[in-house]
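Here is the structure we will look at, set down as structure tokens.
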Amino acid sequence: MLTMPSLRLSAKSIQITAAIASIWLFIGVLYHYRDVSFYTPSNNFQSTTKTSSNLRGVESIKLGARYFLDYPLKDEPKAIFGEFGQRTEFLRSWIEELEGRDDTHETAELVGQILEKQFPWLNSKQGVSPPLVDIYNRLGLSYKDKNVKSEKAPAGIVIPTGEKTLRFACHLIAALTRVHKTTLPIQVVYAGDDDLSAAGRKKIQQAADGVKIEMLDVLSVFDDSTLKLADGGWAIKPFAALASRFEKVILLDADAVFFQDPRHLLRQDRFKETGVLLFHDRLLWKNGFADRQDWWHDQIKHPSPETEKSLVWTERYSEEGDSGIVVVDKSRLDVLLGLLHIGWQNSERVRNEVTYKITYGDKESWWIGFEATGSKYAFSPHYGGIVGWLGPTKAAAKEDKKKDEEVRVCSFVIAHVDQSEKLLWYNGGLLKNKAVNQTEFEVPTHWMIDQTWHKGGSKKDMSCMVGTKASALTTGEKDVLDKSIEVAKDMDEKLHLV
1 MLTMPSLRLS AKSIQITAAI ASIWLFIGVL YHYRDVSFYT PSNNFQSTTK TSSNLRGVES
61 IKLGARYFLD YPLKDEPKAI FGEFGQRTEF LRSWIEELEG RDDTHETAEL VGQILEKQFP
121 WLNSKQGVSP PLVDIYNRLG LSYKDKNVKS EKAPAGIVIP TGEKTLRFAC HLIAALTRVH
181 KTTLPIQVVY AGDDDLSAAG RKKIQQAADG VKIEMLDVLS VFDDSTLKLA DGGWAIKPFA
241 ALASRFEKVI LLDADAVFFQ DPRHLLRQDR FKETGVLLFH DRLLWKNGFA DRQDWWHDQI
301 KHPSPETEKS LVWTERYSEE GDSGIVVVDK SRLDVLLGLL HIGWQNSERV RNEVTYKITY
361 GDKESWWIGF EATGSKYAFS PHYGGIVGWL GPTKAAAKED KKKDEEVRVC SFVIAHVDQS
421 EKLLWYNGGL LKNKAVNQTE FEVPTHWMID QTWHKGGSKK DMSCMVGTKA SALTTGEKDV
481 LDKSIEVAKD MDEKLHLV
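Those letters in the sequence shown? Residues 1 to 498, by UniProt numbering.
Printed below as a string of structure tokens:
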């Protein structure tokens with residue numbers, strides 16, 4: 001005869017098994033329902049079958065949602081990156097299935113509970129949370145017992161900044177408004193007055209040449225208790241994208257430098273196809289971080305075609321993403337849910353224990369978040385190139401004679417091109433080397449892409465790309481940079497930035 005403890009264990013096992021089975025039942029029903037190729041002998045039969053499938057689908061969602069609530073993931077962030085992503089992907093499929101229906105209120109509330117439990121920072125007592133409003137509207141739920149619609153705009157530029165990057169933000173905004181004369185609205189996001197003071201916000205507005213710059217305190221949107229964004233550095237970036245009223249967000253680091261109007265990013269085919277455009281970092285340190293690579297492969301069980309063509313994934317280079325610019329379309333549900341995973345990766349505990357320990361800052365969290373949640377995304381096809389100056393070509397010794405035949409372009413920045421292979425932007429700011437000299441500006445002369453990187457030994461040493469071909473910047477490209485430097489110098493003087 002079984003003892004009572006054994007009975008309880010058996011019941012629990014049955015309960016877990018039933019819940020898991022319900023999730024797979026939901027998947028089966030979902031795919032069956034979406035398959036219009038099977039024979040439907042009559043309209044009445046089709047209607048009955050559809051109703052029956054809908055009911056089974058809703059019941060499966062309810063069982064799966066209860067399982068998620070009853071059996072939360074273990075409290076070990078490093079071990080659950082992949083599974084957390086899969087649960088988020090389930091959430092997306094449930095929201096898609098329930099959207100636009102008026103007979104699923106109880107089930108929709110369960111899904112809403114899971115959303116707020118997985119991402120507790122979404123629900124702030126201070127203000128309206130745009131992603132939560134969006135998802136609640138899709139589920140037919142009221143937000144905070146009110147029918148709220150967040151104010152939206154089709155597209156815009158979002159620049160997270162604080163006192164530490166204020167100077168570069170002023171340079172960037174001056175270039176966007178005075179040189180490129182972009183018509184896109186610009187929003188600056190910060191984490192409270194200690195992060196960006198009222199005086200700092202005033203300087204940003206003065207840099208904009210009369211263009212109104214929107215200011216958004218992210219702490220008024222999300223619950224900061226698990227985020228600690230004022231001290232998080234890069235961590236604010238996904239939350240800035242999520243908090244913004246723009247549906248299509250061009251997220252910029254303060255030290256981004258443009259050759260073309262940022263609006264051009266929205267015209268890139270890869271962005272229009274997927275709703276996400278990311279940029280690659282430099283190809284460096286092959287087989288250099290085995291633990292990082294092993295962890296990625298352990299957490300991502302079923303890589304997407306985008307990941308399977310990655311040289312970081314297939315050949316074990318060390319750095320995948322340059323997050324100086326990220327472009328996202330939050331109106332796409334898969335993109336929105338992917339951003340929630342990225343936000344989780346940049347929450348205080350997860351970033352300190354995992355994300356920023358295994359990788360450098362936020363930069364890898366973007367592709368991992370979209371990958372883990374099954375969201376569509378695309379990288380620019382090229383790995384990071386360089387904009388700079390021709391390097392030395394004279395060999396120092398006979399054994400270095402081969403170097404005489406190489407072309408070198410050297411600098412401190414990483415450059416990126418558009419889909420037409422024209423220079424689009426680079427990171428690092430307009431200073432020649434912001435790490436060692438705060439007043440030296442210089443217009444680069446050459447650029448190179450898809451060749452071999454030689455990393456500088458320290459922040460004082462230039463990195464070089466080495467190969468057989470370097471391209472000279474066009475007169476137009478030099479003119480854009482020259483004008484950008486002039487307005488940057490003007491801002492430095494008028495706003496007392498140095």
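Glycine included, C-beta positions come from ideal geometry on N, C-alpha and C.
| Query | Result |
| --- | --- |
| Between the C-alpha atoms of phenylalanine 81 and aspartate 223, what's the straight-line distance to the nearest angstrom? | 22 Å |
| Which class does threonine 452 belong to by DSSP, given the choice of helix, strand or coil? | strand |
| Going by DSSP, name the residue or residues bridged to isoleucine 358. | In DSSP, isoleucine 358 forms no bridge with anything. |
| Could you tell me whether the Cβ atoms of phenylalanine 246 and valine 128 are closer together than 8 Å? | no |
| Counting only the same chain and skipping the five closest in sequence on each side, list residues whose C-beta sits under 8 Å from that of isoleucine 213. | Ile173, Ile186, Gln187, Val188, Ile204, Gln205 |
| From the DSSP output, in three-state form, read off aspartate 217 for me. | strand |
| Can we say the region 124-142 touches the region 405-417, given the rule of at least three CB pairs closer than 8 Å? | no |
| Excluding the five sequence neighbours on either side, which residues of its own chain have a C-beta within less than 7 Å of the C-beta of lysine 248, listed in chain order? | Pro154, Ala155, Leu266, Asp329 |
| Assuming alanine 241 and aspartate 195 are in contact, meaning their beta carbons sit under 8 Å apart, how far apart are those beta carbons, in whole angstroms? | Going by Cβ atoms, the distance from alanine 241 to aspartate 195 rounds to 17 Å, so no, they are not a contact pair. |
| Would a C-beta distance cut-off of 8 Å place lysine 432 and glutamate 421 closer than the cut-off? | no |
| When you compare only the Cα positions, how much space is there between threonine 104 and glutamate 371? | 29 Å |
| Give the single residue among Cys170, Thr183, His180, Lys164 whose Cα lies nearest to the Cα of aspartate 193. | Lys164 |
| Under 8 Å between the Cβ atoms of phenylalanine 258 and alanine 175? | yes |
| Does the distance from the C-beta atom of leucine 424 to that of serine 484 stay below 8 Å? | no |
| Using only alpha-carbon positions, find the residue among Glu320, Gly275, Pro303, Phe271 that is nearest to leucine 283. | Glu320 |
| Pull up the distance between the alpha-carbon of leucine 184 and that of isoleucine 135, whole angstroms please. | 26 Å |
| With a 10 Å radius around its C-beta and 16 neighbouring C-beta atoms as the bar for buried, classify asparagine 346 as buried or exposed. | buried |
| In chain order, what residues of the same chain lie with their CB nearer than 6 Å to the CB of tryptophan 285, ignoring the 5 residues before and after it? | Ser318 |
| Quick test of the definition: if touching needs 3 or more C-beta pairs under 8 Å, does the region 353-371 touch the region 73-88? | yes |
| Terminal residues of the continuous alpha helix (DSSP H) containing alanine 153? | Here alanine 153 belongs to no alpha helix (DSSP H); instead the beta strand (DSSP E) covers 153-160. |
| Roughly how many whole angstroms lie between the Cα atoms of arginine 92 and glutamate 477? | 43 Å |
| Among the candidates Ser220, Ile342, Ser375, Gln451, whose CA atom is the shortest distance from the CA of proline 305? | Ser375 |
| With a threshold of 8 Å on Cβ separation, who are the neighbours of glutamine 438 within its own chain once the five nearest residues in sequence on each side are excluded? | Leu431, Val498 |
| Just verifying my parser: in three-state terms, what is the DSSP assignment at phenylalanine 379? | strand |
| Measuring CB to CB, does valine 111 end up less than 8 Å from leucine 122? | no |
| Does DSSP put glutamate 247 in a helix, a strand or coil? | strand |
| Just to confirm, is the Cβ distance from cysteine 170 to leucine 481 under 8 Å? | no |
| To which residues of the same chain is threonine 177 closer than 6 Å at the C-beta, ignoring the five residues directly before and after it? | Ala208, Asp209, Val211 |
| Determine, using beta carbons only, whether glutamate 353 and proline 77 come nearer to each other than 8 Å. | yes |
| Cutting at 8 Å between CB atoms, please list the residues of its own chain near glycine 232, excluding the five before and the five after it. | Ala191, Asn346, Glu348, Arg351 |
| Quick one: Cα of valine 487 to Cα of glycine 288, how far? | 41 Å |
| For glutamine 268, collect the residues of the same chain with a Cβ closer than 6 Å to its Cβ; drop the 5 residues on either side in sequence, then sort them by chain order. | Leu277, Gln419 |
| Per DSSP, what are the beta-bridge partners of glutamine 187 in this structure? | Val158, Glu214 |
| Determine, using beta carbons only, whether isoleucine 414 and glycine 384 come nearer to each other than 8 Å. | yes |
| Going by beta carbon distance, what residues of the same chain come within less than 7 Å of arginine 316, once the five residues before and after it are set aside? | Lys286, Asn287, Gln293 |
| Whole angstroms is fine: what's the gap from aspartate 479's alpha carbon to lysine 181's? | 15 Å |
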